[in-house]
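In my numbering, the protein residues as written are 13 to 126.
This report concerns only the one structure given below.
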């Protein structure tokens with residue numbers, strides 16, 4: 013195994029790790045960003061972002077259901093669960109893509125996975 017000598021070792025390439033990397037990068041070039049799993053942050057992959065998209069879909073359905081209280085009478089409310097999940101996956105992939113672009117811009121010697 014190759015030894016690396018760094019000034020700053022950041023464990024986890026999640027949101028906090030990415031923020032720490034940006035701050036450390038201003039001070040030194042001897043950095044290791046260590047990630048044990050897939051890049052992309054838990055928030056973007058399976059946490060905050062997908063759950064907020066599901067909540068947004070539920071809020072939209074609720075708004076339609078409650079619209080008659082405002083004199084708006086929509087008919088035929090139907091929730092297409094496959095379309096909802098397709099939207100969640102598409103947006104999740106887009107969010108993860110932003111994170112991956114940021115990771116790819118980092119010098120390779122700063123990244124360590126495993």
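By construction, the Cβ of each residue, glycine as well, lies at the ideal position given by its N, Cα and C atoms.
The alpha helix (DSSP H) enclosing residue 65, as first and last residue numbers: Residues 60-78.
Rounded Cβ spacing between residue 123 and residue 45 (contact assumed at less than 8 Å): Residue 45 and residue 123 do touch by the CB rule: their CB atoms are close to 6 Å apart, below 8 Å.
Of the residues 110, 22, 57, 17, the one placed nearest residue 37, counting alpha carbons only: Ranked by how close their Cα comes to the Cα of residue 37, the residues 110, 22, 57, 17 have 22 in first place.
C-alpha gap between residue 9 and residue 79, whole angstroms: This structure does not reach residue 9, given that the chain is present from 13 up to 126, and the question cannot be answered.
Alpha carbon of residue 66 to alpha carbon of residue 42, nearest angstrom: Taking the straight line joining both Cα atoms gives about 40 Å.
Whole-Å CB distance - residue 107 paired with residue 61, under 8 Å assumed: Rounded, the Cβ-Cβ distance is 5 Å, consistent with contact.
Span separating the alpha-carbon of residue 40 from that of residue 19: Their Cα atoms are separated by approximately 7 Å.
Cα-Cα separation between residue 104 and residue 95, rounded to whole angstroms: If you draw a straight line from the Cα of residue 104 to the Cα of residue 95, it is about 14 Å long.
Among 121, 77, 81, 117, the one whose alpha carbon lies nearest that of residue 89: When only C-alpha atoms are compared, the closest one is 77.
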